[in-house]
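Trainee: To start, I am sharing the structure in question, which I have written as structure tokens.
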Amino acid sequence: MGKPWRTVTAVAMLAVAWTGGATGGATAETVFKLGYSLGPKAHYGIGAQAFGDEVARQSNGRYRIEMFPNNALGGEREMIEGAQLGTVDLVISSTGPVGNFVPSTLITDIPFLFRDYAHARAVLDGPIGQEILDEFPAHGLIGLAWCENGFRHLTNSVRAVHEPEDIKGLKLRTMQNDVHMEAFSTLGALPTPMAFPELFTSLQQHTVDGQENPIPVIVSAKFAQVQKYLSLTGHVYSPALFIMSPYPWEAMPTADRAIFLAAAKVGAQAMRAEVNRVEDSGIAQLRAAGMTVDTEVDKAAFQKVLAPAYTDYAKRFGQADIDRIRNYRP
Ligand code: EAX
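In this note's numbering, the protein residues as written are 753 to 1082.
Right, here's the structure in full:
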């Protein structure tokens, strides 16, 4: 395989020479491809742009990030495979499929693990989050920084879901994540793992009854067009990550790696700010688009029904590590 990234000689330098600019010849601009699953105006797009701008700023334009929104480079699982292979340079992905590559991210996918946004962000930005990022290179990936998708809520086209009983028998699309699938089986739903790019059509054609995603995704993917009921279950926090392919990473000098690490943190902050903004305005928008919204879901009842899944998670991940996240104080 050839180099997965391209070095472009900037023709614009000629213009600089004409104005008498003190340039020691042509400069090179390195272009990296960044893929993500939502539109450029959604929170991933806002974060991607902030990241790209910061990389360009800190590197004085030596690097340019070329954006591939809306699954243009494939679903999240495919993009991560591409990063491992070196055909994709950078990916913003939810943790959904990441556990299939870096199993230590799976602990973050446990339902009702994080109390609120402040708790989740503090854990991921602290030592626990860093320990997980440190696992990535052993699995052929670089974890630059945690970013955010948001707390996930349930939508469906069959009935209002207020308590666990209501979920029984619903065919629900889940991410390709066995921690999530186990939770939905335990709740009595029929979990159907599916890549995000197939989801809208599957909902439209009633291949599945429902799905779950954060408000900013439900808004941006226009799921109100194909789903009637929204239940604010907040059943799981959905972290996201800036992931880089090890090939361009290893080819960069250490000082440039530091630029990418810092820029990913800037991108994450911008993304989180946009999640906050849409969390505040999105419900009204979804109501206006015709959804029936249940804001008073009995979350405690859902947690109770999940007891057998929690027993299993404790076996898999260790109760001490789960409690370390639950009880984390920055
Ligand atoms: O990362 O697959 C999903 O439901 C994700 O939440 C979505 O692609 C955004």
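Note that CB positions come from ideal geometry on N, CA and C, so glycine has one too. Predicted, not measured: the structure shown is a model, and the values here were computed from it.
Label Gly1070 either buried or exposed according to how many other C-beta atoms from any shown protein chain fall within 10 Å of its C-beta, with 16 as the threshold for buried.
Mentor: Residue environment for Gly1070: exposed (fewer than 16 other C-beta atoms within 10 angstroms of its C-beta).
Trainee: Run the CB neighbour count on Asn965, radius 10 Å, all protein chains shown included, and call it buried at 16 or more, exposed below.
Mentor: buried
Trainee: Closest to Gly921 by CA distance: which of Met1004, Thr938, Ala992 is it?
Mentor: Thr938
Trainee: Got a sec: does the ligand EAX put a non-hydrogen atom nearer than 8 Å to the Cβ of Glu833?
Mentor: It does not: the Cβ of Glu833 is nowhere closer than 8 Å to a heavy atom of the ligand EAX.
Trainee: Let's test the definition: count the other Cβ atoms within 10 Å of the Cβ of Val807 and tell me whether it reaches 16, buried, or not, exposed.
Mentor: buried
Trainee: Could you give the C-beta distance for Val1049 and His795, rounded to a whole number, given that I count them as a contact under 8 Å?
Mentor: For a cut-off of 8 Å, the C-beta gap from Val1049 to His795 is around 23 Å, too long to register as a contact.
Trainee: Considering only the beta carbon of each residue, do Ala935 and His871 sit closer than 9 Å?
Mentor: no
Trainee: Cα separation between Ile1077 and Ile880?
Mentor: 8 Å
Trainee: Count the C-beta pairs between the stretch 907 to 924 and the stretch 826 to 837 that are closer than 8 Å, then say yes if the count reaches three, no if not.
Mentor: No, because fewer than three Cβ pairs between the stretch 907 to 924 and the stretch 826 to 837 fall closer than 8 Å, the two stretches do not touch.
Trainee: Under three-state DSSP, which class holds Asp961?
Mentor: coil
Trainee: Report the partner residues of Asn908 according to the DSSP bridge assignment.
Mentor: Beta-bridge analysis with DSSP links Asn908 to Gly962, Tyr981.
Trainee: When you compare only the Cα positions, how much space is there between Val850 and Ile967?
Mentor: 21 Å
Trainee: Spell out the partners DSSP gives Gly1042 in its beta bridges.
Mentor: Its beta-bridge partners do not exist; DSSP assigns none.
Trainee: Tell me which same chain residues have a C-beta within less than 8 Å of the C-beta of Ala897, skipping the five on either side of it?
Mentor: Leu885, Leu993, Phe994, Leu1013, Ala1016, Lys1017, Gly1019, Ala1020
Trainee: Output yes or no for whether 9 Å exceeds the beta carbon distance between Arg1039 and Thr985.
Mentor: no
Trainee: Here's a check: name, in chain order, each residue in its chain whose Cβ is nearer than 6 Å to the Cβ of Gln1055, leaving out the five neighbours to either side.
Mentor: Phe864
Trainee: Buried or exposed: His932, going by 16 or more other Cβ atoms within 10 Å of its Cβ?
Mentor: buried
Trainee: With DSSP collapsed to three states, give me the class of Leu790.
Mentor: If DSSP states are grouped into helix, strand and coil, Leu790 belongs with coil.
Trainee: List, from N- to C-terminal side, the alpha helix (DSSP H) runs of 4 residues or more that fit wholly inside the stretch 839 to 924.
Mentor: 869 to 877, 879 to 885
Trainee: Assuming contact is defined by CB atoms lying nearer than 9 Å, are Asn908 and Gln963 in contact in what I supplied?
Mentor: Cβ distance < 9 Å, so Asn908 and Gln963 count as in contact.
Trainee: With DSSP run on the structure shown, which of helix, strand or coil describes Pro821?
Mentor: coil
Trainee: Under the criterion of a Cβ to heavy atom distance below 8 Å, does Ala897 qualify as lining the ligand EAX?
Mentor: no
Trainee: DSSP has Val988 in a bridge; who is on the other side?
Mentor: Arg904
Trainee: Pick from Met946, Lys1051, Gln1037: whose alpha carbon is nearest that of Val1045?
Mentor: Gln1037
Trainee: Give the single residue among Gly940, Gly791, Pro889 whose Cα lies nearest to the Cα of Pro1060.
Mentor: Gly940
Trainee: Between Val971 and Arg925, is the Cβ-Cβ spacing less than 9 Å?
Mentor: no
Trainee: Considering Cα atoms alone, identify which of Glu900, Lys923, Met946, Arg873 is closest to Met1023.
Mentor: Residue Glu900 is the option with its Cα nearest to Met1023.
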